[in-house]
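A.B. asks: Let me begin by handing over the structure; questions about it come next.
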């Protein structure tokens, strides 16, 4: 599963509707609403959680994945040392990270690409990617409806 910075993961593209996602991946294993009435899809085998934002006409705007086959720039990221992943990212121009700590977890956030690498015990355990917000303070939807 390839992470496409600013666009999505694999065949999932920011701005898709629920019907677009189910046409590719089928029905999710779980489908529920969060506290903001956003719709959440969870696919167990893909190890990915998708958020469709209510205030954005239920467009796909956020993805959280822990799939061991997640790749960025041709390199797997899950279960690897964050120092190795960051070194590869710096070589591709992704260098600025904000670091936060929570118990045994650390988050490494790159705002330009809206990507978070969550680590535990110095290894990447989860990746979160979000749709980019443009200069007009609006989502930059990449998916173009047919």
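In the working numbering, the protein residues as written are 7 to 152.
Note that CB positions come from ideal geometry on N, CA and C, so glycine has one too.
(1) Pick from 135, 105, 39, 107: whose alpha carbon is nearest that of residue 119?
(2) If you reduce the DSSP assignment to three classes, tell me which class residue 96 lands in.
(3) Residue 77 bridges to which residues according to DSSP?
(4) With 16 other CB atoms within 10 Å as the buried threshold, where does residue 34 fall?
(5) Could you pull out every unbroken beta strand (DSSP E) segment of at least 3 residues lying fully inside the segment 9-47, listed in chain order?
(6) Alpha carbon to alpha carbon, what distance is there between residue 149 and residue 112?
(7) Compare the Cα-Cα distances from residue 129 to each of 146, 54, 140, 88 and report the closest residue.
(8) Specify, as a first and last residue, the run of the beta strand (DSSP E) that residue 141 falls within.
(9) So residue 66 is in the beta strand (DSSP E); what residue range does that whole segment cover?
(10) Check the C-beta distance from residue 115 over to residue 67 and give it rounded, since I have them as a contact under 8 Å.
(11) Could you tell me the alpha carbon to alpha carbon distance between residue 110 and residue 103, rounded to whole angstroms?
(12) DSSP on residue 150, reduced to helix/strand/coil?
(13) Would the segment 83-102 count as touching the segment 29-47 if we require 3 or more Cβ pairs under 8 Å?
(14) Does DSSP put residue 102 in a helix, a strand or coil?
(15) Report buried or exposed for residue 73, applying the criterion of at least 16 other Cβ atoms within 10 angstroms of its Cβ.
C.D. replies: Reading off the structure:
(1) Position 113 of the chain shown, counted from the first residue, corresponds to residue 119. Residue 135 is the option with its Cα nearest to residue 119.
(2) Position 90 of the chain shown, counted from the first residue, corresponds to residue 96. Reduced to three states, the DSSP call for residue 96 is helix.
(3) If you number the chain shown from 1, residue 77 lands on position 71. Looking at the DSSP assignment, residue 77 forms a beta bridge with 8, 82.
(4) One-based indexing of the chain shown puts residue 34 at position 28. So residue 34 counts as buried.
(5) 36-39
(6) Against the chain shown, residue 112 aligns to sequence position 106. Against the chain shown, residue 149 aligns to sequence position 143. Looking at the two C-alpha atoms, the distance is approximately 31 Å.
(7) Counting from one through the chain shown, the residue named residue 129 turns up at place 123. When only C-alpha atoms are compared, the closest one is 88.
(8) For the purposes of this step, residue 141 is identified with residue 135 of the chain shown, where counting begins at 1. Per DSSP, residue 141 belongs to no beta strand (DSSP E) and is neither H nor E.
(9) Translated into the one-based positions of the chain shown, residue 66 becomes position 60. 65-71 is the span of the beta strand (DSSP E), which, as asked, contains residue 66.
(10) As a working mapping, residue 115 is identified with position 109 in the chain shown. As a working mapping, residue 67 is identified with position 61 in the chain shown. Not a contact, Cβ separation roughly 16 Å.
(11) Sequence index remark: in the chain shown, residue 110 carries index 104 (1-based). Sequence index remark: in the chain shown, residue 103 carries index 97 (1-based). Distance between the alpha carbons of residue 110 and residue 103 is about 18 Å.
(12) Position 144 of the chain shown holds residue 150. Reduced to three states, the DSSP call for residue 150 is coil.
(13) no
(14) Locating residue 102 in the chain shown gives position 96, where the first residue counts as 1. Reduced to three states, the DSSP call for residue 102 is coil.
(15) To locate residue 73, count along the chain shown from 1; it is residue 67. Classification for residue 73: buried.
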